[in-house]
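Undergrad: Here it is, the structure in full.
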Amino acid sequence: MNVILLVAAVCILTVHLTVGQDDQTTLRPRPGCRFDHCHLPKIPGCCEFFEAFRKEMDALKQDPAQSCKRFPNRVQQEDCKMQKILTARSRVQPSEECKARMEAFVQGTPPSSTTVAA
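What follows is the structure in structure tokens.
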């Protein structure tokens, strides 16, 4: 579970950092699983999980009551964003295959056995 939270946090932070960029040419959609703003490895068996997680995060972002901009300082805003990640993660369960492959990837399994060939 910690592995999944870590991967999700990296994805969300990457989105946060790339959204403010002016150069949209680097954000080209790729065929297959959509990682358009997320610079994560393509782990076989996890596409459905990442898509569902992204949809949950998008729904939370659209809810005005969940806006992190309501907080006056950056620390509270970052805490709010982390809470959104945890909330979205609690609503989406990865498959057993995805869990196993994410754990293997984090433990250093060579990329050739955990990434999808493009």
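When you line the sequence shown up against mature numbering (1 follows the signal peptide of the UniProt record, and there is no 0), it's residues -20 to -1, 1 to 98, in that order.
All residues carry an ideal CB built from backbone N, CA and C; glycine is no exception.
Note that the structure is predicted; figures quoted are calculated from it, not measured.
Assuming Ile23 contacts Cys60 under a Cβ cut-off of 8 angstroms, what Cβ separation, rounded to an integer in Å, is found between them?
TA: Not really, about 28 angstroms apart at Cβ, beyond 8 angstroms.
Undergrad: Cys27 to Ala45, Cα distance in whole Å?
TA: When rounded, the distance between both Cα atoms is 29 angstroms.
Undergrad: Leaving out five residues on either side along the sequence, give the residues of the same chain with a beta carbon under 6 angstroms from the beta carbon of Gln4.
TA: Residue placement at Gln4 cannot be trusted, given a pLDDT of 44 that sits under 50; the coordinates are not used to answer.
Undergrad: Using a 10 Å radius around the Cβ and a threshold of 16 neighbouring Cβ atoms, would you call Arg69 buried or exposed?
TA: Buried: at least 16 other Cβ atoms inside 10 Å.
Undergrad: On the CB-based measure, 16 or more other CB atoms within 10 Å of its CB, does Arg81 come out buried or exposed?
TA: Buried, because 16 or more other Cβ atoms sit within 10 Å of the Cβ of Arg81.
Undergrad: In angstroms with no decimal places, state the Cα-to-Cα distance between Ser75 and Met37.
TA: In a straight line, the C-alpha of Ser75 is about 19 angstroms away from that of Met37.
Undergrad: Could you tell me which of Glu83, Thr67, Arg50 and Pro52 sits nearest to Lys35, measuring between CA atoms?
TA: Looking at the Cα atoms, Thr67 is the closest of the given residues.
Undergrad: Is the Cβ-Cβ distance between Ala32 and Val72 less than 8 angstroms?
TA: Result yes, Cβ atoms of Ala32 and Val72 sit closer than 8 angstroms.
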